[in-house]
Amino acid sequence: MSTTSADTRYAASTPSRTNVPRRSTRTTGVGRWVLCLLVAAATLALLLPIFIIVFTAFKPVAEVNAYPPTLLPQQWTLENFRTIFEQLPFARLIANSFIFAGGVTLCALIFDSLAAYALARLDFTGSRLLLVLIVASLMIPFQATLVPIYQLLANLGWINTFAALIVPRAADAFGIFFLRQFFLALPRDLDNAARIDGASEWRIYRSIVLPNAVPALLTLAVFTFVNNWNDLLWPLVFSTGEQMGTITSGLTLLTGPSGIVPYGVMMAGSLIALAPLTVLFALVQRRFIASVATSGLK
272 MSTTSADTRY AASTPSRTNV PRRSTRTTGV GRWVLCLLVA AATLALLLPI
322 FIIVFTAFKP VAEVNAYPPT LLPQQWTLEN FRTIFEQLPF ARLIANSFIF
372 AGGVTLCALI FDSLAAYALA RLDFTGSRLL LVLIVASLMI PFQATLVPIY
422 QLLANLGWIN TFAALIVPRA ADAFGIFFLR QFFLALPRDL DNAARIDGAS
472 EWRIYRSIVL PNAVPALLTL AVFTFVNNWN DLLWPLVFST GEQMGTITSG
522 LTLLTGPSGI VPYGVMMAGS LIALAPLTVL FALVQRRFIA SVATSGLK
C-alpha cells in the first residue's frame with residue numbers, strides 16, 4: 272500500500288512529456304536555417320566574379336564603361352566575341368592551350384605514376400632519401416629555376432616551340448608524392464599474387480596498380496590540366512609570338528599602347544577560356560569526389 276502511494280506521488284510530481292516544450296528541436300531547426308543562409312551567402316559571394324565575367328562579356332562598350340556600373344546588361348550583344356577573333360588568332364591560341372595543357376597532363380600522368388610506383392611498391396636502396404629530395408623540391412620557388420631553364424632551352428634551340436612548353440613540366444614533384452600516397456593504400460597482396468603467377472613489374476603496374484588508381488589519376492589530371500591551362504608566366508617566357516601563345520598569354524595582347532583595356536573583349540575571352548575547364552570538371556566530377564572521399568582510407 273505504501274509503495275503504491277509513493278509511486279502515485281512521484282507520478283503526480285513528474286511533468287508529463289507531452290507538456291515539455293521542444294526547445295531543442297526548435298533550436299536545431301533555427302540553427303539549420305541559419306547555416307543554410309550562411310552557405311547560400313558564401314556561395315553567391317564565390318560565384319559573383321563568374322557572374323561579372325559572364326554579364327560583362329555580353330555588354331556593349333558603352334555599358335562596360337558606364338558609371339555607376341550595372342551587373343546585368345541592358346542590351347545583350349555578341350560584338351565582344353566577334354572582336355576577339357578579329358584582333359587575335361584566337362582559334363590558334365585555343366589549340367595551343369589544348370596542346371600545352373593536354374601534353375603536360377599526359378606526360379605527368381605517365382612519369383609521375385611510374386616514379387610513384389617505384390617509390391611505393393618497390394624496395395630499393397635510397398628510396399626514402401629520393402622521396403625526401405622530391406618533397407624538398409616543392410619548397411624551391413618557381414622563379415628561382417626559371418632563368419636556368421630558359422638558358423638550357425635556349426641552348427637547345429627550343430624557345431618558341433611546344434617542346435619548351437611541355438618537356439620541362441613533364442614530371443611534377445607534387446604528382447609523384449600524391450600518387451605514391453595513393454599507391455601505398457592499395458593492398459600489397461595483389462602484387463604478391465601477381466608475382467607468384469610470374470607477372471613482371473611492368474605488368475603489375477599496368478594491369479593491377481593503374482586500374483585501381485583511376486580516381487587518383489583523374490584527380491591529378493584535373494589539377495595538372497587546370498594549372499597549365501591558366502598559367503600565364505610560363506607561356507609568356509617561352510613563346511615569343513602569337514602563333515605559339517596560349518589563351519592566357521594572348522589576352523595580355525589586348526591592352527592598347529596607352530594602357531586602355533577593352534574589358535568587354537577580355538571578359539569574352541575569359542569566358543571562352545573557362546568553358547573547357549567547366550566541361551572537364553563535369554566529366555570527371557564523380558571520380559574526383561570519390562578520390563577525395565577515399566583519400567584518408569587505408
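Residue numbers (the numbering used here): 272 to 569. Yeah, the Cβ is synthetic: ideal placement off N, Cα and C, and Gly gets one too. Just so we're clear, the structure is a prediction, and the values are computed from it rather than from any experiment.
When Cβ pairs closer than 8 Å are counted between the two stretches, the segment 434 to 454 is seen to touch the segment 369 to 389, the count reaching three or more.
Rounded to whole angstroms, the Cβ separation of GLU334 and GLN346 is 7 Å, and the two are in contact under 8 Å.
For ALA407, the enclosing alpha helix (DSSP H) begins and ends at 398 to 407.
Counting along the chain, THR519 sits inside the alpha helix (DSSP H) bounded by residues 518 to 522. DSSP places GLU350 inside the alpha helix (DSSP H), whose first and last residues are 350 to 358. Selection GLY535, LEU554 and THR549 evaluated against PRO344 yields GLY535 as nearest (Cα-Cα). Looking from the CA of ALA546, the closest CA among ALA312, ARG392, ALA407 and VAL497 belongs to VAL497. DSSP places GLN514 in the helix class (H, G or I) of the three-state scheme. Of the residues THR432, ASN483, LEU424 and LEU489, the one whose Cα lies closest to the Cα of PHE454 is ASN483. Around the beta carbon of GLY300, fewer than 16 other beta carbons lie within 10 angstroms, which makes this residue exposed. Residue state for VAL532 is assigned as coil, using DSSP reduced to three classes.
Closest in C-alpha terms to LEU504, from the list THR490, THR495 and THR519, comes THR519. Inclusion of ASP502 and GLY446 in the CB contact set at 7 Å is not warranted, their separation being larger than that value. GLN556 has its alpha-carbon roughly 18 Å from the corresponding atom of LEU318.
In the displayed model, GLY373 falls within a helix according to three-state DSSP. Unbroken beta strand (DSSP E) stretches of 3 residues or longer found wholly inside the segment 442 to 497: none. DSSP, read as helix, strand or coil, puts TRP304 in helix.
One alpha carbon belongs to SER408, the other to ALA456, and they sit about 24 Å apart. CA-to-CA, the gap between ARG477 and LEU507 works out to about 37 Å. Comparing C-alpha distances from ARG459 to each of LEU393, LEU424 and VAL532 shows the shortest one belongs to LEU393. Residue burial is scored here from C-beta neighbours: PHE552 has fewer than 16 other C-beta atoms within 10 angstroms and is therefore classed as exposed.
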